[in-house]
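J.: Everything in the sequence shown is counted per this note's numbering, starting at -3 for the first residue and increasing by one. Cβ coordinates follow ideal geometry from the N, Cα and C atoms, glycine included. Here it is, the structure, as structure tokens.
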Amino acid sequence: DEEVKSFVKYGKHLRKILLPVFEDLQFRLAFRLLPVRSRFWFLQQSNPRIIYCVRNGCDSVETEQHLFFESKKPVVRDEWKECEGVIGDVWHTFRAVTLHFIWSDRNRCLFDGRQPTPTTPAMLVIFTTVD
């Protein structure tokens, strides 16, 4: 129950920052509305292979689970694997810069008598620092 609430809350957040085409895919995936091939079972008489994965050498039924998580022949998994270190570095850099900004902003408030930096200017500082 709490996990569902958390997912819905995160989905609302994503809708604010993602382009509609990406959010649409997330929505369709969450509500099982993607037209994956397993949904076309009723066409098997005219096309016996209609429900199977489109990747060469894969004889699994194409479901959302198979397409995105189980396929033995993922289209991008190997390529992304090469970027794993870079993505981790970017994430840790972003996290470190954000933590530093929060700490520095706290110190400016505490020792210089300033007001906390509003969210939008704070995010601009963080993003330009990471960039």
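(1) Just the C-alpha distance for D85 and K77, rounded to the nearest angstrom, thanks.
(2) So what's H57 in DSSP terms, helix, strand or just coil?
(3) Would you mind working out which of F27, Q22, T94, R24 sits nearest T115, comparing C-alpha positions?
(4) Quick test of your reading: V121 and F97, contact by CB under 8 Å. State the CB separation rounded to the nearest angstrom.
(5) Exposed or buried, which one is L15 when buried takes at least 16 other CB atoms within 10 Å?
T.: Short version:
(1) Their Cα atoms are separated by approximately 14 Å.
(2) Just to set this straight, residue 57 is Val in the shown sequence, not His. V57 falls in the strand class under three-state DSSP.
(3) Checking every option, the nearest Cα to that of T115 belongs to T94.
(4) Cβ atoms of V121 and F97 come within 8 Å of each other, at about 6 Å.
(5) Residue burial annotation: L15 is exposed, with fewer than 16 other C-beta atoms found within 10 angstroms of its C-beta.
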